[in-house]
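A quick write-up on the structure given underneath.
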Amino acid sequence: MSACAGLGDRVRGIQFALLLAVATQRVFLLDWPSDPFPIHIASRPSQIDWTMPAHMSRREAHLFLSWYSCWKSLPCAVPKNHRFPSLSYLPMQTKHSLVSGLLSFETPPTVNILRHDLRAIWRPYKVIRIAERLGYTAVQALLDNQRLQPYLGELSQYSKRDVKRLLTQMIFYPSESVSERMHRFGLQQAPYVGVHVRSGEDFGESDHRFDLVKSNLTTASLQILRCVTSAFQNNTLPLNSTSDRVLDMYVASDSKTLKVLMAQHAKRFNVRVHSLSSTAMHLAVNRREGVRSVEGWREMFRNVFVDLFMLSKSVALFTTGSGFSDAAWSLSENTPFFRIELDKRNPDANCNLKRIYER
Numbered sequence: 001m002s003a004c005a006g007l008g009d010r011v012r013g014i015q016f017a018l019l020l021a022v023a024t025q026r027v028f029l030l031d032w033p034s035d036p037f038p039i040h041i042a043s044r045p046s047q048i049d050w051t052m053p054a055h056m057s058r059r060e061a062h063l064f065l066s067w068y069s070c071w072k073s074l075p076c077a078v079p080k081n082h083r084f085p086s087l088s089y090l091p092m093q094t095k096h097s098l099v100s101g102l103l104s105f106e107t108p109p110t111v112n113i114l115r116h117d118l119r120a121i122w123r124p125y126k127v128i129r130i131a132e133r134l135g136y137t138a139v140q141a142l143l144d145n146q147r148l149q150p151y152l153g154e155l156s157q158y159s160k161r162d163v164k165r166l167l168t169q170m171i172f173y174p175s176e177s178v179s180e181r182m183h184r185f186g187l188q189q190a191p192y193v194g195v196h197v198r199s200g201e202d203f204g205e206s207d208h209r210f211d212l213v214k215s216n217l218t219t220a221s222l223q224i225l226r227c228v229t230s231a232f233q234n235n236t237l238p239l240n241s242t243s244d245r246v247l248d249m250y251v252a253s254d255s256k257t258l259k260v261l262m263a264q265h266a267k268r269f270n271v272r273v274h275s276l277s278s279t280a281m282h283l284a285v286n287r288r289e290g291v292r293s294v295e296g297w298r299e300m301f302r303n304v305f306v307d308l309f310m311l312s313k314s315v316a317l318f319t320t321g322s323g324f325s326d327a328a329w330s331l332s333e334n335t336p337f338f339r340i341e342l343d344k345r346n347p348d349a350n351c352n353l354k355r356i357y358e359r
């Protein structure tokens, strides 16, 4: 398992593993860590039972389909530090070649996939263990492959974007503990908007992507509030309510400071901000300051699923850009999805909104 994979990466990896299992008629065991982050504390099967049957043991003879995206403890963001290149750095043609090799049982279980002179026979194996980040950006390539088409059935009538969304909904459903935390916000019947802001304060993020947010959290919070509320005031996104209604907004972020600032400034925009007061672990590797117990880490892991499902149930979703928000949209009922583009030249200006249809 990659130490740097965030939840968005893992969701795509699970989508990839599911499609690959269908296309190859094999059983795939996802290499999800069991401790201290067992997935069942945050999510349970929806329409597809992905739990391991009692009769199946990990000691069974199986191959391990690995993907080395980082080397030792080096950050994922620096390509030269990769032992094997991350899928995110491969051209689409190479990703399609990888998928074709997997479906033909030609790709070795542990290999630099850029070297196609290597072959491994894995046809005799019915059980294959797979690193969940293997499908980081290869889901699209797999959906494009003709070998998968006969197995899609009714899904074949949907766009590839919607297939990803429907697959995610068939896999994930909030656990009881996550549902209980969601109900505490009291938004079950109230329409609200979801906002996800990646500040880059988590370990493993490349700072330059988030400089505008991280350099001035106050400015960023004001721009985001102004931008989102203007979308409703201008009837870009009607909320079926009067113009003087307080707008409920659920904010998820890797920055606790940003969430506090948005709550402080919300009243001037006629907004009521809801967010977790405790830390959510949006990446697999997070700063460990102040978290000493296993239960503390599990709480952070559970919180990130609270953020995920709360964002997915919003009437409109706004993001500064992340795989995490993509995963939240995949769990939604085709919620309007917008990227927030902050104005770097004029901090006092409104930001721009760009409709997202597919990454």
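Counting from 1, one number per residue, gives the positions in the sequence shown under full-length UniProt numbering.
Backbone N, C-alpha and C fix where the C-beta goes; we use that ideal spot for every residue, glycine too.
Everything numeric in this text was worked out from a predicted model, so none of it was measured.
- Assignment of VAL197 by DSSP, reduced to helix, strand and coil, places it in the strand class.
- The DSSP-derived three-state label of ARG268 is helix.
- Residue pairing by DSSP places HIS274 opposite TYR250 in a beta bridge.
- LEU353: member of the beta strand (DSSP E) spanning 352-355, first to last residue.
- For the pair VAL197 and LEU7, the CB atoms are not nearer than the 8 angstroms cut-off.
- Straight-line measurement puts the Cα of GLU176 at about 12 angstroms from the Cα of PRO45.
- Contact between SER332 and LEU342 fails: their C-beta atoms lie close to 24 angstroms from each other, not under 8 angstroms.
- The stretch 306-314 makes no contact with the stretch 215-231, as fewer than three CB pairs between them are under 8 angstroms.
- If you ignore the 5 residues before and after LYS354, its C-beta comes within less than 7 angstroms of the C-beta of PHE338, ARG339, GLU341, all in its own chain and listed in chain order.
- If you check the CB distance, ARG226 and PHE269 come in under 8 angstroms.
- In this structure, the straight-line span from the alpha carbon of THR257 to that of LEU222 is close to 13 angstroms.
- By the criterion of a C-beta distance shorter than 7 angstroms, ARG302 is surrounded in its chain by ILE41, ALA42, SER177, VAL178, once the five residues flanking it on both sides are discounted.
- Bounds of the alpha helix (DSSP H) holding ILE224 are 217-233.
- For the 8 angstroms CB-CB criterion, SER159 and SER199 do not form a contact.
- In this structure SER278 is in contact with GLU299, their Cβ atoms being roughly 7 angstroms apart against a cut-off of 8 angstroms.
- Contact annotation: ALA327 and THR168 have beta-carbon atoms nearer than 8 angstroms.
- Rounded to the nearest whole angstrom, the CA to CA distance from LYS164 to VAL271 is 32 angstroms.
- The C-alpha of THR24 is placed about 42 angstroms away from the C-alpha of PRO191.
- Contact between HIS274 and TYR250 holds, since their C-beta atoms are separated by about 5 angstroms, short of 8 angstroms.
- Assigned with DSSP and collapsed to three states, ARG245 falls in coil, not helix or strand.
- Pairing GLN146 with LEU155, the inter-Cα distance amounts to about 14 angstroms.
- Judged by DSSP secondary structure, THR319 falls within the beta strand (DSSP E) whose first and last residues are 316-319.
- GLU333 sits in coil when the DSSP states are folded into three classes, being neither helix nor strand.
- In this structure, DSSP gives PHE338 an extended state, which the three-state scheme calls strand.
- Judged by DSSP secondary structure, ARG26 falls outside any beta strand (DSSP E); it is assigned neither H nor E.
- When the five nearest sequence neighbours on each side are left out, the beta carbons in the same chain lying within less than 7 angstroms of the beta carbon of ILE356 are those of PHE337, PHE338, ARG339, in order along the chain.
- Note: ARG44 is bridge-paired with TYR173 in the DSSP secondary-structure output.
- Around the beta carbon of ILE48, fewer than 16 other beta carbons sit within 10 angstroms, so the residue counts as exposed.
- In the structure shown, ASN303 falls within a helical segment according to DSSP collapsed to helix, strand and coil.
- In the structure shown, TRP297 falls within a helical segment according to DSSP collapsed to helix, strand and coil.
- Going by C-alpha positions, PHE309 is about 7 angstroms away from PRO174.
- Counting only the Cα atoms, LEU166 lies some 10 angstroms from GLN15.
- In this structure, ILE171 sits near LEU18, with a CB-CB distance shorter than 8 angstroms.
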